[in-house]
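Each remark here refers to the structure printed beneath this line.
2 protein chains.
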Amino acid sequence: MNLSDHSKVRDMARKAKHDSDDTLQKATNLFWKQGYHATSLKDLEQTLDLGPGSIYAQFGSKAGVFEAALKNYADSRQAELERHIEKSSSVLQGLASYAASFRTLCDRDAPSVSCMMMKSVTELHATEPALQSVASDLLDATEAMFTAQFVRAKKAGELPNYADPHFLGAWLQSEIMGIRTYAQKKDTQSTVPKLADALAQRVLALPTTV
Amino acid sequence: MNLSDHSKVRDMARKAKHDSDDTLQKATNLFWKQGYHATSLKDLEQTLDLGPGSIYAQFGSKAGVFEAALKNYADSRQAELERHIEKSSSVLQGLASYAASFRTLCDRDAPSVSCMMMKSVTELHATEPALQSVASDLLDATEAMFTAQFVRAKKAGELPNYADPHFLGAWLQSEIMGIRTYAQKKDTQSTVPKLADALAQRVLALPTTV
DNA sequence: GCTCAATTTGAGCGCTTGCTCAAAAATGGA
DNA sequence: TCCATTTTTGAGCAAGCGCTCAAATTGAGC
């Protein structure tokens, strides 16, 4: 059983021109940058270098591409958080390191300074409830990862007994959302690092201020 | 000189069918709810009860309607902040009262739980730079109001000398953005009030923690 | 080299988009 | 009453939308 075989394919008649991971990543970056409504199928065709037929064969609809892209995005974000946790000696230090990583938000050349899940949950609230729900669930999964870390911190004695991991998870997610939205304004390169540092400091100070 | 006369009109030949303040408010609510790209001119025609010709005579373009709506929205938000400041005995208490007002974010039946300026600055970043810039400037004006209040608080001795009003203004705006974005997720009615309370507490604690 | 299923292609469908403009309707002032 | 002026109307344009599907293209297995 190969890691990357397409198990349903019995006779490989023609291998896909485009690696499908690469296609999904391109779609993710485009939707992340432009949002759902501002991205047309023509945009997708050009970016993915694929005809409309191929796109519909793979994803079924524009909404289908978007949903796959959202999940792909959420996966990489969760992997990123795990990296910060793993390389840190204590739980709170891992979370603080993650918070501090938003110092560089304005310098990165990512498709958007904001988070794709955040953007989607806001953009699609009134017009695309099904997709909005997917984005909301993925954000909840991310919040659950924060919460799980605060539970670990409590068990490790890094936080007092009365600390509420669920509240802290929600709080941390809200703080990060705030910084990322603030960073969408013009000329925030000098302020955003200060906000990220302040957040990292507050995470480290939780043992005495929670 | 009447407060509400249209000074350029010499001979009033036919009075506008629709009060133009009401029209603008309807447009604001629609764009606030749905965003720029998801709102079509047909939507506007139906909501404003106006033909396309009337809309173009008043606003020039869809972008023109949106810009007017944004400015109208920013005006009411700033008036709201001023109300909280005026009715409070101290500056920090006014800001804390404003922060605490987001407790009820999920209960209100506003067009969106999020802020129209925030939504716009995020949605339009890649696709409509001119409108994004307008939204960014309006957010900066709001931040400047926060900063001005922190300056007042310093002068009134509510904050220590080393407090940085510019940072605090940015920080408060970022905090509010975080709560409002978090509130866009499903089922956050129980958490949002806690986040708003915690923010209000932190504002009141600034004298000793800044 | 042929077979044949998987994949790609792209013309084009019905519909919607943002927008225009000439004609109609409305009303204060003469 | 009728003029002058403004506002409303709405048919309709060119372009773009999401999407379909029959035909062409590809390449691994025989």
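Top line first, the protein sequences correspond to chains A and B. Last residue of the first sequence: 210 in the numbering used here, with the numbers rising by one and none dropped. Last residue of the second sequence: 1210 in the numbering used here, with the numbers rising by one and none dropped. Even glycine gets a Cβ: it sits at the ideal position worked out from N, Cα and C.
Relative to the alpha-carbon of residue i, which residue among the options has its alpha-carbon at the smallest distance?
i, options, result
"Thr147 of chain A", "A:Ala163, A:Asp21, A:Ala135", "A:Ala163"
"Gly1169 of chain B", "B:Val1134, B:Asp1140, B:Ser1097, B:Glu1158", "B:Asp1140"
"Ser1097 of chain B", "B:Ser1088, B:Ala1074, B:Leu1044", "B:Ser1088"
"Ala183 of chain A", "A:Ala79, A:Ser20, A:Arg103", "A:Arg103"
"Gln1149 of chain B", "B:Asn1161, B:Ala1135, B:Val1134, B:Pro1165", "B:Pro1165"
"Glu67 of chain A", "A:Met117, A:Ala99, A:Ala205", "A:Met117"
"Ser190 of chain A", "A:Cys106, A:Asn29, A:Ala126", "A:Cys106"
"Ala1027 of chain B", "B:Ala1038, B:Asp1075, B:Thr1047", "B:Thr1047"
"Pro1129 of chain B", "B:Asp1043, B:Ala1063, B:Ala1156, B:Arg1077", "B:Ala1063"
"Val1192 of chain B", "A:Phe167, A:Lys42, A:Glu82, A:Glu86", "A:Phe167"
"Glu143 of chain A", "A:Glu45, A:Thr208, A:Arg77, A:Thr23", "A:Arg77"
"Ala1038 of chain B", "A:Ser20, A:Asp43, A:His84, A:Ala126", "A:Ala126"
"Ser1040 of chain B", "B:Asp1075, B:Ala1153, B:Ile1085, B:Ser1061", "B:Ser1061"
"Ala1135 of chain B", "B:Lys1042, B:Asp1075, B:Ala1156", "B:Asp1075"
"Gln25 of chain A", "A:Ser54, A:Ala57, A:Val65", "A:Val65"
"Ala1057 of chain B", "B:Val1151, B:Ile1085, B:Ser1020, B:Gly1157", "B:Ser1020"
"Ile85 of chain A", "A:Lys42, A:Arg152, A:Leu131", "A:Arg152"
"Ser1054 of chain B", "B:Asn1161, B:Arg1083, B:Thr1023", "B:Thr1023"
Does the beta-carbon distance from residue i to residue j come in below 9 angstroms?
i, j, result
"Leu195 of chain A", "Ser1090 of chain B", "no"
"Asp137 of chain A", "Lys1071 of chain B", "no"
"Ser1114 of chain B", "Thr1181 of chain B", "yes"
"Thr1208 of chain B", "Thr209 of chain A", "no"
"Leu124 of chain A", "Leu159 of chain A", "no"
Compute the minimum distance between the beta carbon of residue i and the heavy atoms of the ligand SAM, and state whether it is under 8 angstroms.
i, result
"Arg1202 of chain B", "Of the ligands one can find in the structure shown there are none, so the ligand SAM has no counterpart to examine."
Between residue i and residue j, which are expected to be in contact by the criterion C-beta below 8 angstroms, what is the C-beta distance as a whole number of angstroms?
i, j, result
"Ala100 of chain A", "Ala200 of chain A", "4 angstroms"
"Gly1178 of chain B", "Met145 of chain A", "Between Met145 of chain A and Gly1178 of chain B the Cβ distance is about 17 angstroms, and since that is not below 8 angstroms, they are no contact."
"Leu50 of chain A", "Leu172 of chain A", "Not really, about 39 angstroms apart at Cβ, beyond 8 angstroms."
"Leu92 of chain A", "Leu204 of chain A", "6 angstroms"
Open item on the list: Using a Cβ-Cβ cutoff of 7 angstroms, what residues of the region 162-189 of chain A are near chain B? List them in chain order.
Closed with: Phe167, Ala170, Trp171, Gln173, Ser174, Glu175, Met177, Gly178, Ile179, Thr181, Tyr182, Gln184, Lys185, Lys186
Task: Stretch pair the region 1027-1039 of chain B + the region 1109-1118 of chain B: three plus CB contacts closer than 8 angstroms - done: yes
TODO: Output, in sequence order along the chain, the residues in the region 104-121 of chain A whose CB is closer than 7 angstroms to any CB in chain B.
DONE: Ser112, Ser114, Met118, Lys119, Val121
TODO: Decide yes or no for the touch test of the region 50-70 of chain A against the region 118-131 of chain A: beta carbon pairs closer than 8 angstroms, at least 3 of them.
DONE: yes
- [ ] Please name the residues in the region 1030-1043 of chain B whose beta-carbon is closer than 7 angstroms to at least one beta-carbon of chain A, in chain order.
- [x] Lys1033, Gln1034, Gly1035, His1037, Ala1038
- [ ] Would you list, in chain order, the members of the region 133-147 of chain A that have their beta-carbon closer than 9 angstroms to a beta-carbon of chain B?
- [x] Ser133, Ala135, Ser136, Asp137, Leu139, Asp140, Glu143
Task: Contact residues within the region 1194-1208 of chain B, judged by C-beta distance below 8 angstroms to chain A - done: Lys1194, Leu1195, Ala1198
Task: Chain-ordered residues of the region 71-87 of chain A with a beta carbon less than 9 angstroms from chain B - done: none
- [ ] Note down, in chain order, all residues in the region 46-59 of chain A with a beta-carbon under 9 angstroms from any beta-carbon belonging to chain B.
- [x] none
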